[in-house]
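Novice: Numbering (our numbering), first residue to last: 12 to 136.
The beta carbon of each residue, even a glycine, is placed where N, CA and C say it ideally should be.
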Ligand SMILES: [Zn+2]
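Okay, here's the thing in structure tokens:
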């Protein structure tokens, strides 16, 4: 009876999905067909996600952001997708105090920075 060796050698790893032993360099497991989670692809995925978030921000209209931020400061944050900041802003009543000065500048610069970052990465928006 053939004995199965279940220890991966130096150039083998366990599949992140089905647990079969596969080659370290294998991108896709030949047993289950699942793409392996590797540091490199994780990094690439992370930057893709970041670009996507920046693009969402960059395509916002600065003028609308400023107007919303002045009228109702939490709305300015919601417009640029910063729900957390919007809630904090609302709960702290910051919008009644300095929010009207700070938030338009903040939302405006978030959009500007997103566009700058995308330019630096050579990505479109
Ligand atoms: Zn597998």
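If you draw a straight line from the C-alpha of residue 76 to the C-alpha of residue 129, how long is it?
Specialist: Taking the straight line joining both Cα atoms gives about 19 Å.
Novice: Go to residue 75, then tell me how far its alpha helix (DSSP H) extends in each direction, as first and last residue.
Specialist: Run containing residue 75: 73-82, per the alpha helix (DSSP H) assignment.
Novice: Taking 6 Å as the limit, tell me which residues put their C-beta closer than that to any heavy atom of ligand 1, in chain order.
Specialist: Residues flagged by the Cβ proximity filter: 26, 28, 29, 31, 40, 42, 43, 45.
Novice: Under 8 Å between the Cβ atoms of residue 3 and residue 113?
Specialist: What is shown of the chain runs 12 to 136, which leaves residue 3 out entirely.
Novice: Just mark residue 29 as buried or exposed, buried being the case when its beta carbon has 16 or more other beta carbons within 10 Å.
Specialist: Result: exposed.
Novice: Under the three-state reduction of DSSP, which class applies to residue 63: helix, strand or coil?
Specialist: In this structure, residue 63 counts as helix in the three-state DSSP scheme.
Novice: Would you say residue 19 and residue 39 are within 8 Å of each other, going by their C-beta atoms?
Specialist: Against a cut-off of 8 Å, the Cβ pair of residue 39 and residue 19 comes out as no contact.
Novice: For residue 25, does the three-state DSSP call read helix, strand or coil?
Specialist: Strand at residue 25.
Novice: Going by alpha carbons, who is nearest to residue 43 out of 36, 26, 100, 96?
Specialist: Of the candidates 36, 26, 100, 96, the one whose C-alpha sits nearest the C-alpha of residue 43 is 26.
Novice: Taking DSSP as the reference, what is the three-state secondary structure of residue 48?
Specialist: Correct three-state label for residue 48: coil.
Novice: Under three-state DSSP, which class holds residue 34?
Specialist: Residue 34: strand per DSSP, three-state reduction.
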